[in-house]
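Here's the structure we're looking at; comments come further down.
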Amino acid sequence: MGIIGVPAGWPADEEAALAVQRELRERLVLDEEGPAAGEGHVTGLDVAYDDGRDLVAAAAVVLDAATLEVVEEATAVGRVSFPYVPGLLAFREVPTVLAALASLTADPGLLVCDGYGVAHPRGFGLASHLGVLTGRPSIGVAKNPFTFSHDEPGPERGDFAPLLDGGEEVGRALRTRRGVKPVFVSAGHRISLAGACAHTLALAPRYRVPETTRRADALCRRALAEALAAERS
DNA sequence: GCGACAG
DNA sequence: ATCTTGTCGC
């Protein structure tokens, strides 16, 4: 497997990225309930970076939603395609993540992304972006509240408080473990917010972060370490 | 104008 | 995201 280059025509600056984001946003579908939690497949996606060498490694891990056992894993290594700009995260991760997804044999089912979906300055975060490009249902589970505000959710697993963008509920601060900081869930594409939260809880029976993200996180770090070792030889 | 800001 | 040791607790 070689290193994925930056795609031809990829946005070169923020202005171009904003234009692409605006176009793709029109294809976002938010009136579907989405797949039921605990059924079919769920795929965790994550990336790791080496800014010095301009490398990004992506992982896609397909789990059986009922047992949380690994069905299939895939990785891809690419060149960093965009700087980190809050609100434009997708342009940094998408090419390599898509390459990892494309090499899967199994049906990915629901895409579970590290970051936000519709809870985003322009309603089109990473999870929505990947959902639209693949046509698949997707959700975003972030570890930080980004620019949104929320009240403290109750202390029990399953307790939540709305994530607010002005007065609108764009996501939820959801507690997956008693007494532990919540995660921040939003719908990405072709799923409801309630469905996104149900999936998140089903995927996090024991740890704060969903099993999908934990698996994908470990795998992309491994892939990055291997790519770095290979590039030196 | 200044600071904050998913990963 | 990433740079980083030990340490408190289940």
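Residue numbers for the first sequence follow full-length UniProt numbering, beginning at 1 and rising by one.
Where a beta carbon is used, it is the ideal one built from N, C-alpha and C, also for glycine.
query                                                                                                                                                     : result
Can we say the stretch 148-157 touches the stretch 81-101, given the rule of at least three CB pairs closer than 8 Å?                                     : no
Who are the near neighbours of residue 4 in its chain, counting only those whose CB is closer than 8 Å to its CB and skipping five residues on each side? : 76, 77, 78, 79, 95, 96, 99
In chain order, which continuous runs of the beta strand (DSSP E) of length 3 or greater are located wholly inside the stretch 53-126?                    : 55-64, 70-79, 110-114
Of the choices 204, 69, 185, whose alpha-carbon is the least far from that of residue 178?                                                                : 204
If you draw a straight line from the alpha carbon of residue 230 to that of residue 137, how long is it in whole angstroms?                               : 35 Å
Report the partner residues of residue 50 according to the DSSP bridge assignment.                                                                        : 55
Name the DSSP beta bridge partners of residue 213, please?                                                                                                : The partner list for residue 213 (beta bridge, DSSP) is empty, contrary to what the question assumes.
Which residues bound the alpha helix (DSSP H) around residue 14?                                                                                          : 14-25
Where does the unbroken beta strand (DSSP E) through residue 237 begin, and where does it stop?                                                           : For the chain, the structure presents residues 1 to 233; residue 237 sits outside this window and is missing.
Tell whether a beta-carbon distance below 8 Å holds between residue 70 and residue 41.                                                                    : no
Per DSSP, which residues does residue 151 bridge with? Please list them.                                                                                  : In DSSP, residue 151 forms no bridge with anything.
My output table needs one value for residue 9: the three-state DSSP class, helix, strand or coil.                                                         : coil
Going by C-alpha distance, which of 220, 209, 224 is nearest residue 61?                                                                                  : 220
Is the stretch 22-32 touching the stretch 189-203, taking contact as three or more C-beta pairs under 8 Å?                                                : yes
Look at the Cβ atom of residue 126, then the Cβ atom of residue 90, and state whether they are nearer than 8 Å.                                           : yes
Rounding to the nearest angstrom, what Cα-Cα distance links residue 36 and residue 116 in this structure?                                                 : 20 Å
Could you check the C-alpha separation between residue 104 and residue 216 for me, to the nearest Å?                                                      : 14 Å
DSSP three-state call for residue 183: helix, strand or coil?                                                                                             : strand
Quick one, which of 107, 9, 24, 17 has its alpha-carbon nearest residue 43's?                                                                             : 107
Say yes only if the C-beta of residue 109 is nearer than 7 Å to one or more non-hydrogen atoms of the ligand NAP, and no if none qualify.                 : The ligand NAP is not part of the structure shown, which contains no ligands of any sort.
Quick check on this structure: which residue in 66, 92, 182, 64 has the alpha carbon closest to the alpha carbon of residue 130?                          : 92
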